[in-house]
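Under the numbering used here, read the sequence shown as residues 12 to 204, first letter to last. For each residue, glycine too, the CB sits at the ideal point set by N, CA and C. Remember, it's a predicted structure, so these values are computed and weren't measured experimentally. A quick write-up on the structure given underneath.
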Amino acid sequence: MTVCGALALAYSCMVCTAKHSDTILRWSAVREPRTRYQQLLKEYHERSLTKIWMPHLFAWMLLAGFVLLPGTFQTELESRERSVLPSKHLYVGGWAVAGVGLLGLCCCVLAWRDNCIYLLNGVFSPALEHSTAGLLTTITALYVSHKGVFMPASQTTLIVTSTVTVVFLLLTVWCWRVKAKLMEQSRFEDSRY
12 MTVCGALALA YSCMVCTAKH SDTILRWSAV REPRTRYQQL LKEYHERSLT KIWMPHLFAW
72 MLLAGFVLLP GTFQTELESR ERSVLPSKHL YVGGWAVAGV GLLGLCCCVL AWRDNCIYLL
132 NGVFSPALEH STAGLLTTIT ALYVSHKGVF MPASQTTLIV TSTVTVVFLL LTVWCWRVKA
192 KLMEQSRFED SRY
């Protein structure tokens with residue numbers, strides 16, 4: 012898990028740095044944005060390092076929590092022998108890490124709710140990628156390790172990870188449509204100049 016987490020964080024950092032560095036050159040040529048879309052792009056590319064790294068950190072925490080949770084699933088035989096989870100602290104820790112990640116992503120959304128470009132590229136896309144990876148990890152753990160036997164912990168984890176994935180998918184699609192609408196308005200306004 013440590014290697015997977017480190018790889019996910021490194022990938023997020025590389026993607027974020029690559030997106031940020033190649034667009035600085037493009038914005039140095041634009042002095043004053045004429046349209047709302049250009050203004051949003053300028054704000055997105057002039058954000059501080061904290062605003063660049065925080066959503067990626069919280070999305071990674073969401074993934075880390077979702078990766079920890081399948082390790083707490085128990086088989087039917089184990090559940091007959093014990094009435095509690097075998098690793099209760101790991102289960103609580105997984106939910107705590109995922110909860111902090113989700114809460115941090117919500118704070119990022121509230122802080123930048125007026126910039127759909129930031130929300131799409133900086134918050135929703137990484138969160139969608141990481142929650143999808145958490146959902147796939149949960150499904151894999153259920154069917155490979157536990158032969159598809161659903162226990163209360165696995166049901167809860169599957170429901171929450173799938174719900175979070177669907178919510179971020181819908182938010183990404185919604186934000187993509189808002190961005191497309193802004194781009195269309197920008198083309199119309201640019202054609203008048």
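Please return the same chain residues whose Cβ sits closer than 7 Å to the Cβ of Trp123, not counting the five positions on each side in sequence. As a position in the sequence shown, residue 123 is number 112, starting the count at 1. Around Trp123: Tyr129, Leu130.
Can at least three beta-carbon pairs, one atom from the region 153–165 and one from the region 68–78, be found at a separation below 8 Å? In short, these stretches do not touch, since the Cβ pair count stays below three.
Are Ala164 and Gly112 touching if we call contact CB-CB under 8 Å? For the purposes of this step, residue 164 is taken as the residue at position 153 of the sequence shown. For the purposes of this step, residue 112 is taken as the residue at position 101 of the sequence shown. When the beta-carbon positions are compared, Ala164 and Gly112 stay at least 8 Å from each other.
Which same chain residues end up closer than 6 Å to Leu182 when comparing Cβ atoms and leaving out the 5 residues on each side of it in sequence? Mapped onto the sequence shown, residue 182 falls at position 171. So the qualifying residues of the chain are Phe135.
To the nearest angstrom, report how far apart Val108 and Glu43 are at their CA atoms. Position 97 of the sequence shown, counted from the first residue, corresponds to residue 108. Position 32 of the sequence shown, counted from the first residue, corresponds to residue 43. Rounded to the nearest angstrom, the two C-alpha atoms are 42 Å apart.
Host alpha helix (DSSP H) of Thr149 (start-end): On the sequence shown, residue 149 is found 138 positions in, with the first residue counted as 1. That run of the alpha helix (DSSP H) goes 136–151.
With a floor of 3 residues, list each beta strand (DSSP E) that falls wholly inside the region 34–79, ordered by position along the chain. Whole beta strand (DSSP E) segments, 3+ residues: zero.
What first and last residue would you give for the alpha helix (DSSP H) that runs through Leu131? One-based indexing of the sequence shown puts residue 131 at position 120. From DSSP, Leu131 is part of no alpha helix (DSSP H); its letter is neither H nor E.
Determine the DSSP secondary structure at Met194, reduced to helix, strand or coil. For the purposes of this step, residue 194 is taken as the residue at position 183 of the sequence shown. Met194 falls in the helix class under three-state DSSP.
Tell me whether Val171 is buried or exposed, calling it buried when 16 or more other Cβ atoms sit within 10 Å of its Cβ. Counting from one through the sequence shown, the residue named residue 171 turns up at place 160. When all chains shown are included, Val171 counts as buried.
With H, G and I counted as helix, E and B as strand and the rest as coil, what does DSSP make of His157? In the sequence shown, the residue the question calls residue 157 occupies position 146. Of the three classes helix, strand and coil, the one that applies to His157 here is coil, per DSSP.
Using three-state DSSP, classify Ser32 as helix, strand or coil. Residue mapping note: residue 32 aligns to position 21 of the sequence shown, counting from 1. In this predicted model, Ser32 has a pLDDT of only 43, less than 50, meaning its place in the structure is not dependable; the value taken from the coordinates is given anyway. Note: Ser32 maps to helix in three-state DSSP.
To the nearest whole angstrom, what separates the beta carbons of Gly145 and Pro66, a pair I think is in contact under 8 Å? Your numbering for residue 145 matches position 134 in the sequence shown. Your numbering for residue 66 matches position 55 in the sequence shown. About 16 Å separates the Cβ atoms of Gly145 and Pro66, ruling out a contact at the 8 Å cut-off.
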